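Data block below; observations after.
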Ligand code: C2E
Ligand code: MG
Ligand code: MG
Ligand code: MG
């Protein structure tokens with residue numbers, strides 16, 4: 408296809424391919440040093456209860472700030488770490504750091520909150536995933552009940568039989584599981600029932616749709632909520648950005664909300680301040 412436009416187009420194509428490859432390589436190298444150099448950090452996005460607006464917990468989101476490459480978004484560096492295999496070590500760091508942060512809030516006398524951690528496909532492919540996470544959480548002396556793991560729908564369904572086993576193993580130890588970005592992949596409803604997870608997180612796309620397509624968009628969200636509730640799961644709406652989305656979700660009895668309207672991802676200190684506020688208000 409690139410050849411069709413003649414030699415110059417091909418060269419241009421080749422040059423941009425090289426650029427992309429070079430960037431990937433630079434990110435890969437950045438990832439190598441990032442753990443030791445302390446370029447990674449976590450931020451925490453609050454989740455709120457639909458019925459009363461109370462703080463329900465947090466989701467840990469990874470940040471990478473490199474001195475030369477600048478601030479990279481997870482959408483850029485997670486896929487690179489995923490392909491190179493570095494995600495396993497990075498993922499372990501996320502679990503350890505989340506545990507340490509939970510302890511820091513605890514020592515500051517702040518109320519206990521459940522924190523969700525995202526897992527990537529490669530991590531889920533590790534046969535000793537649950538065991539190694541358990542090792543980290545125990546070493547940091549955090550109760551497993553304080554942690555939830557988020558697995559995207561697409562990844563969960565890729566090898567649903569195996570996912571079922573992994574979920575069971577997590578749950579056996581007290582961890583909770585959420586299915587992330589729900590609605591954009593293809594779910595086997597039989598497996599969804601078998602997973603018996605705590606939460607279903609409706610993908611941002613559908614939350615947006617509440618404004619954009621009027622009644623049609625709303626139909627999908629309320630169908631997902633009804634499905635989840637009939638399977639005894641809680642529903643979280645991701646990416647709530649407008650007051651009208653929030654109002655509609657409340658009417659639909661969505662259990663929890665997350666989004667820029669209610670709270671952006673916060674530094675650990677800023678999230679601590681939010682916890683403090685909640686502790687002081689009746
Ligand atoms: P996700 O798990 O679905 O996380 C939600 C993403 O949506 C976050 O982006 C969050 O900042 C963003 N978001 C939240 N509310 C809103 C909103 O109202 N509007 C919009 N437009 N966006 C909103 P972020 O932090 O860039 O993370 C992107 C993805 O990277 C995450 O999607 C998750 O899949 C992955 N990720 C992040 N941290 C980790 C990690 O520690 N490990 C792994 N494996 N993946 C991670
Ligand atoms: Mg998530
Ligand atoms: Mg999500
Ligand atoms: Mg999403």
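Residue numbers (the UniProt record's numbering): 408 to 689.
Each residue gets a CB set at the ideal place from its N, CA and C atoms; glycine is no exception.
Just so we're clear, the structure is a prediction, and the values are computed from it rather than from any experiment.
Exercise for the section: Spatial neighbours of residue 589 within its chain, please: CB distance less than 8 Å, with the 5 preceding and 5 following residues excluded, ordered by chain position. Expected result: Looking up residue 589 in the chain shown gives position 182. Cβ neighbours of residue 589 beyond the five flanking positions: 560, 607, 608, 609, 610 and 631.
Exercise for the section: Closer than 6 Å is what we want: which residues have a beta carbon that near any heavy atom of ligand 2? List them in chain order. Expected result: 466, 525, 557 and 587
Handout entry: Strand pairing of residue 663, partner residues [DSSP]
Key = The residue given as residue 663 occupies position 256 in the chain shown. DSSP, once it has assigned bridges, lists 456 and 643 as partnering residue 663.
Handout entry: Whether residue 463 touches residue 456 by CB criterion (8 Å)
Key = What you label residue 463 is simply residue 56 of the chain shown in a count that begins at 1. What you label residue 456 is simply residue 49 of the chain shown in a count that begins at 1. Result yes, Cβ atoms of residue 463 and residue 456 sit closer than 8 Å.
Problem - Any non-hydrogen atom of ligand 1 closer than 7 Å to residue 582 Cβ - result: Against the chain shown, residue 582 aligns to sequence position 175. The answer is no for residue 582.
Handout entry: Inter-residue Cα distance where the pair is residue 479 and residue 436
Key = Here residue 479 is taken as the residue at index 72 of the chain shown, counted from 1. Here residue 436 is taken as the residue at index 29 of the chain shown, counted from 1. Rounded to whole angstroms, residue 479 to residue 436 spans 13 Å at the Cα level.
Practice task
Compare the Cα-Cα distances from residue 644 to each of 663, 465, 473 and 490 and report the closest residue.
Solution key: Position 237 of the chain shown holds residue 644. Closest by alpha carbon: 663.
Handout entry: Beta carbon of residue 558 nearer than 8 Å to that of residue 502
Key = As a position in the chain shown, residue 558 is number 151, starting the count at 1. As a position in the chain shown, residue 502 is number 95, starting the count at 1. No, the pair does not count as a contact, with Cβ atoms beyond the cut-off.
Exercise for the section: Return the bridge partner residues of residue 522 from the DSSP annotation. Expected result: As a first step, residue 522 must be located in the chain shown, where it is residue number 115. Answer is 465 and 554.
Practice task
Put residue 447 into one of helix, strand or coil per three-state DSSP.
Solution key: In the chain shown, residue 447 corresponds to position 40, counting from 1. Here residue 447 sits in strand by DSSP.
Practice task
Taking only heavy atoms of ligand 1 into account, decide whether any of them is closer than 7 Å to the Cβ of residue 527.
Solution key: Residue mapping note: residue 527 aligns to position 120 of the chain shown, counting from 1. It does: the Cβ of residue 527 is within 7 Å (strictly closer) of some heavy atom of ligand 1.
Practice task
Give the DSSP-derived three-state secondary structure of residue 408 in the structure shown.
Solution key: Against the chain shown, residue 408 aligns to sequence position 1. At residue 408 the pLDDT is 46, less than 50, meaning the model places this residue with poor confidence; the figure from the coordinates comes in the next sentence. Three-state DSSP puts residue 408 in coil, outside helix and strand.
Problem - residue 525 burial status per 10 Å Cβ neighbour count (16 or more: buried) - result: Taking the first residue of the chain shown as 1, we reach residue 525 at position 118. So residue 525 counts as buried.
Exercise for the section: Pull up the distance between the alpha-carbon of residue 473 and that of residue 623, whole angstroms please. Expected result: Along the chain shown, read from residue 1 onward, the residue named residue 473 stands at position 66. Along the chain shown, read from residue 1 onward, the residue named residue 623 stands at position 216. Taking the straight line joining both Cα atoms gives about 43 Å.
Handout entry: Assumed close pair residue 562, residue 551 - CB separation to whole angstroms, cut-off 8 Å
Key = The residue given as residue 562 occupies position 155 in the chain shown. The residue given as residue 551 occupies position 144 in the chain shown. Residue 562 to residue 551, Cβ: 21 Å. No contact.
Exercise for the section: Assign residue 409 to buried or exposed, taking buried as 16 or more other Cβ atoms, counted over all protein chains shown, within 10 Å of its Cβ. Expected result: What you label residue 409 is simply residue 2 of the chain shown in a count that begins at 1. Confidence is the limiting factor: at residue 409 the pLDDT is only 47, short of 50, which leaves the residue's position unreliable and the question unanswerable from this model.
Handout entry: Burial state of residue 639 (16 or more Cβ within 10 Å)
Key = Working through the chain shown from its first residue, we reach residue 639 at position 232. Answer is exposed; the Cβ neighbour count stays below 16.
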